[in-house]
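Residue numbering for the sequence shown follows my numbering, beginning at 485 and increasing consecutively.
Using N, Cα and C, we set each Cβ at its ideal position, and we do this for glycine too.
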Amino acid sequence: MTIPFEAGSDAHKSFFCRQFIDTHQVFDPANFAWPDLTDEELQRLRSVPFWQEVYHTERRAGAIVDAFTPYVQDPEVRAAVALQGVEETRHARLIKVMIERYGLDAQEQPIETFPADLEVAFIDFGFGECLDAFLGFGAFKNARQSQFLPESMFDIFDVLMFEETRHIVFFINYMAWRERQRGLGSLRRRAKSLRFYARAASRLLGMVRRGQDAGDGKDFAITQTNLFLDGFSFRGFVEDCYRENGRRMSTFDPDLMQPKLLPGLADLALRGIDLWEKGRRFTPRRT
Ligand SMILES: [Fe+2]
Ligand SMILES: [Fe+2]
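Here it is, written out as structure tokens:
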């Protein structure tokens, strides 16, 4: 494959913005084929403890991207970022349609004030999406395989997953272009990515802890948790994230840059686990 432009160049910028805008899909979540659920399925859906968090995250995403849009100097990038704002706002609407249709327990919460530097807020949000999406790929596959809900519900969630994948691909390309404009070398770019990923990971951990404190897991019946956790293995989860990332990324134009750091770390972790397990198998046990 010959890349027709240099990463971060003006030609690259025009390409990834045009690509993002041209592949935008027009739909209204209210018109989706939302299935009728059985009592048992409805109870399962209602027992998921994170709808409140998902709804808030999507509303917050739309608000951050919309707030940042007018500050983007470059008109091509601004048009693409504006479209991402439209998609994020539509995600919140999709979740709202689901909340109302199935009577889920989630309300609108006030959105916190953003930092004065909206670009930093956008970058923090972008790295957060990269981390959430990568972990979400594995979790989504697991939930789908366990048939926790009817396949038609997963088809609807898949629309959202696809758009989140669009966003992280756009974000990675945007960052490469942005950093090149600022003359940042690849070493400093990687160090910066690591720093932002660490911030995203600590926010995610904070969210998990808050969720545990608030719900104490009591709404999420043990039987349902087991649907996800039966036979759960750390290696299996990392492998699912890695494979699903590869599968989802393979549908994008190969000339677009793609997230590399998390799949790279996952690959390293998988090799490490395999080596460790191999070593254990061949180490004679002391009696
Ligand atoms: Fe979203
Ligand atoms: Fe997104």
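Determine the burial state of residue i: buried for a count of at least 16 other Cβ atoms within 10 Å of its Cβ, exposed for fewer.
i: Q631; result: exposed
i: N515; result: exposed
i: H508; result: exposed
i: E732; result: With the sequence shown as reference, residue 732 is identified as Arg, and Glu is not the correct amino acid for it. That one is buried.
i: G546; result: buried
i: L578; result: buried
i: Y726; result: buried
i: Y555; result: exposed
i: R650; result: buried
Less than 8 Å between C-beta atoms, sequence neighbours within five positions excluded: which residues of the same chain meet that for residue i?
i: L615; result: Y681, A684, A685, L688 and L746
i: I607; result: M659 and F680
i: P519; result: P634, S636 and M637
i: R502; result: E560
For residue i, I'd like the list of residues in its chain whose CB is within less than 7 Å of its CB, leaving aside the five on either flank, ordered along the chain.
i: R628; result: F638
i: V692; result: none
i: F455; result: No statement about residue 455 is possible, as the shown extent of the chain runs from 485 to 771 and does not include it.
i: E490; result: H496
For the alpha helix (DSSP H) containing residue i, name the first residue and the last one.
i: P559; result: P559 to Y586
i: W760; result: L745 to F766
i: D523; result: D523 to S531
i: A551; result: W535 to F552
i: D506; result: D494 to D506
i: D724; result: F718 to M733
Counting only the same chain and skipping the five closest in sequence on each side, list residues whose C-beta sits under 6 Å from that of residue i.
i: D648; result: Residue identity check: residue 648 is Glu in the sequence provided, not Asp. Taken in chain order, the residues that qualify are A617.
**3-residue-minimum beta strand (DSSP E) runs that sit fully inside the region 606–632, ordered along the chain** = none
**Asked** Which runs of the alpha helix (DSSP H), 4 residues or longer, sit entirely within the region 635–697?
**Response** 635–665
**Request:** Count the C-beta pairs between the region 587–595 and the region 605–624 that are closer than 8 Å, then say yes if the count reaches three, no if not.
**Result:** no
**Asked** How about the region 748–766 and the region 661–675: do they share at least three Cβ pairs that are nearer than 8 Å?
**Response** no
**Request:** Pair every Cβ in the region 722–742 with every Cβ in the region 644–658, then say whether three or more of these pairs are closer than 8 Å.
**Result:** yes
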